[in-house]
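Student:
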Amino acid sequence: MKRIARSKKLSRSHKMHELSLAQGLLNQLEELAREHKATTILVVRVDIGDQSGIVTDSFCFGFNALKKEQQLTENALLSITPTKGSELILAQVEME
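In our numbering, the protein residues as written are 1480 to 1575.
Here's what the structure looks like:
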């Protein structure tokens, strides 16, 4: 198992909604898996700022619905840490 700690701000336009953000996260996970030659994403930890405008439950719903579309992420667990600020950050990924 590889644990990747990567603090990376995810892009967000004003018109993006939670489903689009979840898809963007999954795209980044696919890229990370390729870089590290991983076949499975186990755990994904993101930080969501309290001023981000992101509805956490909707983001989780979107992630859990979309993750099933790829074998790489189908069993991934999403962990969200509320933070101060307005950012959505991919903080850590566990993969193998």
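Where is the CB? At the ideal position from N, CA and C, for every residue including glycine.
Where L1511 and K1546 are concerned, what is the direct C-alpha to C-alpha distance, given to the nearest angstrom?
Tutor: By 1-based counting over the sequence shown, the position of residue 1511 is 32. By 1-based counting over the sequence shown, the position of residue 1546 is 67. Between L1511 and K1546, the C-alpha separation is close to 15 Å.
Student: On the criterion of 16 or more Cβ atoms from any shown chain inside 10 Å, does A1544 qualify as buried, or is it exposed?
Tutor: One-based indexing of the sequence shown puts residue 1544 at position 65. A1544 should be labelled exposed.
Student: Kindly list the residues whose CB is nearer than 8 Å to the CB of T1535, restricted to its own chain and excluding five residues on each side of it in sequence; keep chain order.
Tutor: Working through the sequence shown from its first residue, we reach residue 1535 at position 56. Excluding positions up to five away in sequence, the list reads I1527, I1559, P1561.
Student: Please report the Cβ distance between D1522 and A1570, rounded to the nearest whole angstrom; I am assuming they are in contact, meaning their Cβ atoms lie under 8 Å.
Tutor: To locate residue 1522, count along the sequence shown from 1; it is residue 43. To locate residue 1570, count along the sequence shown from 1; it is residue 91. Rather than Asp, the amino acid found at residue 1522 in this sequence is Val. So it is not a contact: roughly 11 Å between Cβ atoms.
Student: Go ahead and pull the three-state DSSP assignment for K1547.
Tutor: Against the sequence shown, residue 1547 aligns to sequence position 68. The answer is helix: DSSP assigns K1547 an H, G or I state.
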